[in-house]
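**Student:**
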Amino acid sequence: MYKNQLQELAQRSCFNIPSYTCIREGPDHAPRFKATVNFNGEIFESPHYCSTLRQAELSAAEVALNSLSHRAPSHSLAARILDETGVYKNLLQEIAQRVGASLPQYFTFRSGLGHLPVFTGTVKLAGIMFTGEPAKNKKQAEKNAAMAAWSSLKQLAKETAKSSTEPENNDELEQITIARALLNYRLKEKIYML
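Every position in the sequence shown, counted from 1, becomes a number in our numbering once 1 is added.
Okay, structure coming up:
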């Protein structure tokens with residue numbers, strides 16, 4: 002996902018396609034990988050070792066995108082690409098599949114004057130409703146709802162992780178932690194309903 006977004010940013014900016022290099026360490030039965038990505042002559046490195054090469058490359062691409070999205074001329078383009086690709090909607094879909102829940106359902110509510118509509122999006126994930134910031138169109142309202150849901154789930158995972166001793170060292174682990182937190186929340190809700 003992040004690799005695709007970084008490649009799209011390079012293409013839109015008329016740069017060469019990003020290239021990846023990898024370091025492998027550890028025994029054959031438990032290798033660890035760390036990757037770097039060269040984006041327009043700049044090198045970005047994955048912050049931690051990952052259990053697969055793919056995770057390491059995704060981590061390096063995420064570092065590059067985060068860094069590039071906070072800079073001035075490419076800020077708007079990188080941020081727009083992250084937004085256009087619907088990264089949060091994809092993340093919610095992956096989490097739903099991990100926990101065996103139905104896919105996220107999006108609902109929008111239109112308010113405001115006819116010529117100045119305001120759309121508010123809500124997403125239902127695993128029986129939980131999340132509402133995003135209002136937007137000027139339905140598509141953006143859904144993305145805002147997905148972003149609000151992801152932020153809430155990350156917060157829930159952080160609170161859950163405080164009580165455990167698991168290190169947070171890569172995106173895959175973060176998604177697993179979020180999935181576990183969502184499962185625990187669903188279990189508590191089911192018990193409460195009984």
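Cβ coordinates follow ideal geometry from the N, Cα and C atoms, glycine included.
Because the structure is a prediction, the values reported are computed rather than measured.
Evaluate residue 73 with the Cβ neighbour count: other Cβ atoms within 10 Å of its Cβ, from every protein chain shown; 16 or more gives buried, anything less gives exposed.
**Tutor:** Confidence at residue 73 is low in this model, with a pLDDT of 45, below 50, so its placement is unreliable and the value that follows should be read with caution. Under this definition residue 73 is an exposed residue.
**Student:** If you drop the 5 nearest sequence neighbours on each side, which residues of the same chain put their C-beta closer than 7 Å to that of residue 139?
**Tutor:** 109 and 120
**Student:** Is the CB-CB distance between residue 147 and residue 90 below 8 Å?
**Tutor:** In terms of Cβ geometry, residue 147 and residue 90 form a close pair [threshold 8 Å].
**Student:** Which runs of the beta strand (DSSP E) at least 3 residues long sit entirely within the region 109-141? Give them in chain order.
**Tutor:** 117-126 and 129-132
**Student:** For residue 114, count neighbouring Cβ atoms within 10 angstroms of its own Cβ and tell me buried if that reaches 16, exposed if not.
**Tutor:** exposed
**Student:** To which residues does DSSP link residue 64 through a beta bridge?
**Tutor:** Residue pairing by DSSP places residue 64 in no beta bridge whatsoever.
**Student:** Output the distance between the C-alpha atoms of residue 37 and residue 112, rounded to the nearest integer angstrom.
**Tutor:** 46 Å
**Student:** I'd like the list of long-range same chain contacts for residue 179, defined as Cβ closer than 7 Å, with 5 residues on each side in sequence excluded.
**Tutor:** Excluding residues within five positions, the ones whose Cβ falls inside 7 Å are 96, 154, 155 and 158.
**Student:** Among the residues of its own chain, which have a CB less than 8 Å from the CB of residue 54, if the five just before and after it don't count?
**Tutor:** 23, 25, 34 and 36
**Student:** For the beta strand (DSSP E) that contains residue 24, what are its first and last residues?
**Tutor:** 20-26
**Student:** Is residue 37 helix, strand or coil when you go by DSSP?
**Tutor:** strand
**Student:** Using DSSP's beta-bridge definition, name the partner residues of residue 45.
**Tutor:** 38
**Student:** Would the C-beta of residue 147 count as close to the ligand HEM, meaning under 7 Å from any of its heavy atoms?
**Tutor:** Judged by which ligands are present, the structure shown has none, so any question about the ligand HEM falls away.
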